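The sequence shown begins at 675 in our numbering and counts up by one.
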Amino acid sequence: MEAISSFTPTVLVAIKIALWLFLILYILFAGIVIKQVRVMTETLQVGLEKSIRTLAVIHFIVSVFVFILSLIIL
Numbered sequence: 675m676e677a678i679s680s681f682t683p684t685v686l687v688a689i690k691i692a693l694w695l696f697l698i699l700y701i702l703f704a705g706i707v708i709k710q711v712r713v714m715t716e717t718l719q720v721g722l723e724k725s726i727r728t729l730a731v732i733h734f735i736v737s738v739f740v741f742i743l744s745l746i747i748l
């Protein structure tokens, strides 16, 4: 804990902002995954379309939840 307390508040704010920017980029990535899964399931018919779409949507929801949680905690 001493290592964390030795940082200045400016450094901690910079780390928070960098983390939030990373999480926003991750949400964008999760949105792109949903789009790519949609295109893939329209192109290929393998019988797993519903479960793959469900996983992509769950991935997006979890990424948004983690971002909101980071806003609350940090």
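Even glycine gets a Cβ: it sits at the ideal position worked out from N, Cα and C. Bear in mind that the values here come from a model prediction, so they are computed numbers and not experimental data.
Nearest neighbour of residue i, chosen from the options [CA to CA]
i	options	result
V738	F703, K709, K724 and Q719	F703
V740	I701, I678, V731 and F681	I701
H733	V711, I747, S744 and T682	V711
Where the alpha helix (DSSP H) through residue i begins and ends
i	result
S679	E676 to S679
E710	Checking the sequence shown, residue 710 turns out to be Gln, not Glu. P683 to T717 is the span of the alpha helix (DSSP H), which, as asked, contains Q710.
9 Å Cβ cutoff, residue i in contact with chain B
i	result
A688	Absent from the structure: chain B. Only one protein chain is present.
Cut-off 7 Å between Cβ atoms - residues of its own chain near residue i, not counting five sequence neighbours on either side
i	result
E723	T715
Residue i and residue j closer than 9 Å at C-beta
i	j	result
I706	V731	no
S744	L693	yes
Inset, instruction - Could you tell me whether the segment 709 to 727 touches the segment 680 to 699, using the rule of 3 or more Cβ pairs below 8 Å? - result: no
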